[in-house]
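Protein chains in written order, with this note's numbering: chain A, 2 to 198; chain B, 3 to 187. C-beta atoms are modelled at their ideal positions from N, C-alpha and C, and glycine is treated no differently. Quick caveat: nothing in here was measured; it's all calculated off a predicted structure. Structure, as structure tokens:
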Amino acid sequence: MMSADHQGELDWLAFRYVAGEMTAQEASELELRLADDQEAREAVCNAVGLAQRLADARPPDADYTRSVRSARDPANRGVISFQGRVARAVGWMAAGAVAATLAFWLAPSSGRVSTEPTFKSSGKFEAARAGPVERVHDAEAWGLLQASDAWTAHTERWLSEAKSPIANDSPDPRNPPSVPPWLLAAAAGSNVSGHGL
Amino acid sequence: MKNEQSSDQDDEPAPAAGCKQTLAELYRRHSRGVHEFLLGMLRDRADADEALQQVFLKLLEAWESVQPETAKGWLFTVAYHEAMMVHRRRNRDDAARARLWARPVWRTLSEAPDPHSATVRAEVVEKVRRALEELPPAQRDVVERRLYRDQTFAAIAKELGCPLGTVLTRMRLAVEKLRQLLEEE
């Protein structure tokens with residue numbers, strides 16, 4: 002039985018190994034140890050399992066967050082590329098056109114449902130649920146957002162992922178893996194029939 | 003596999019139930035762990051899959067000589083030798099080997115997610131995110147930078163303006179805490 006300190010040390014060593022944060026010398030030493038140390042092998046398994054779970058939980062907007070943070074950085078605020086300016090101008094024009102169209106077509110209707118912008122699972126703005134004035138504001142905001150530098154493919158993906166439930170009909174990863182056909186075929190054809198294979 | 007009654011802490015299935023069932027049970031019980039071990043050593047999913055297959059085929063070949071109570075250790079030992087063989091085969095020079103070691107395992111995991119990671123349940127993801135939120139901000143920051151932005155510890159230290167040792171300590175504490183939190187749940 003290992004002490005908690007020793008276990009912690011081994012877990013950290015294994016994590017550094019799977020993280021690629023070791024010198025070649027250290028990695029070689031650990032691999033020598035893996036030759037006959039079952040606890041070290043299991044520490045590597047656990048480190049990979051932890052890395053896998055953390056990787057699975059990667060936020061969909063992880064990179065997007067960084068780009069927004071970067072855009073919010075005062076040092077970056079004043080720097081807008083030519084492409085950015087063109088995109089912004091196009092966005093303003095598009096927003097204006099959308100706003101005018103919505104105001105024209107939807108002004109007579111009286112059904113006011115919600116003042117908050119809502120999104121369908123497709124990530125499209127659900128304009129039909131807002132009143133005329135809010136619709137214009139929402140459309141402007143939407144156009145501005147799309148034209149801004151912060152609008153990226155990540156945003157599109159995030160919007161669709163945020164509203165898409167993760168399928169529940171998938172097999173539970175905690176269930177043990179089923180025996181693959183190749184192993185059953187190999188067992189059927191092996192010479193260990195004396196044991197019932 | 004000799005038909006002796008198992009009495010080890012792994013509580014291997016009784017071979018009396020039939021060797022085919024024993025083989026299936028061994029696969030169900032240990033294949034995931036052996037595969038993760040192989041992924042950790044090889045950093046390549048296709049190589050790990052192939053090596054896992056070799057391991058279980060060798061189990062069949064050595065069926066007569068493997069004891070149920072030592073099967074787990076036997077599988078890992080064979081897996082280790084398979085992994086080292088792959089290392090030797092594909093990395094003849096030290097530079098290539100060093101590049102392989104420098105590759106984090108989660109890059110392999112994200113390249114071609116297997117059914118396990120692709121179909122991971124929302125509750126597992128939620129659990130991990132909750133655990134991440136429970137970390138002190140400084141530790142969480144290091145974890146996110148290392149795993150989700152793929153920054154090295156040295157780069158993180160430089161960006162945060164703190165010693166490398168501090169970053170490593172934060173990561174180590176975060177890993178310990180995450181492990182505890184996920185085990186508790």
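Taking all protein chains shown into account, A/A189 has fewer than 16 neighbouring C-beta atoms within 10 Å of its C-beta and is therefore exposed. A/A25: member of the alpha helix (DSSP H) spanning A25 to L35, first to last residue. Between the alpha carbons of A/S4 and A/D38 lies a distance of about 16 Å. For A/D57, the enclosing alpha helix (DSSP H) has its first and last residue at Q39 to D57.
Only residues of its own chain outside the window of five on either side were considered, and among them Y18 have a CB closer than 6 Å to the CB of A/L31, listed in chain order. With a beta-carbon spacing of about 6 Å, B/A81 and B/F39 fall inside the 8 Å limit used to define contacts. Collapsing the DSSP output to three states places B/R151 in coil. B/T168 has a beta carbon lying at 9 Å or more from every beta carbon in chain A. Under the three-state reduction of DSSP output, B/C21 falls in the helix class. Taking C-beta atoms as the reference points, B/S67 and B/L54 fail to come closer than 9 Å. Taking the Cα positions, B/E136 is about 10 Å away from B/V130. A distance below 9 Å separates the beta carbons of A/A48 and B/V107.
Chain-order list of chain A residues neighbouring B/G35: E43 and C46, by C-beta distance under 8 Å. Within the segment 11-26 of chain A, D12, W13, A15, F16, R17, Y18, V19, A20, G21, E22, M23, T24 and A25 place their CB atoms closer than 9 Å to a CB of chain B, listed in sequence order. Nearest to A/P181 by C-alpha distance, out of B/R45, B/D51 and B/L41, is B/D51. Put simply, the backbone Cα of B/Y150 is about 16 Å away from that of B/L180.
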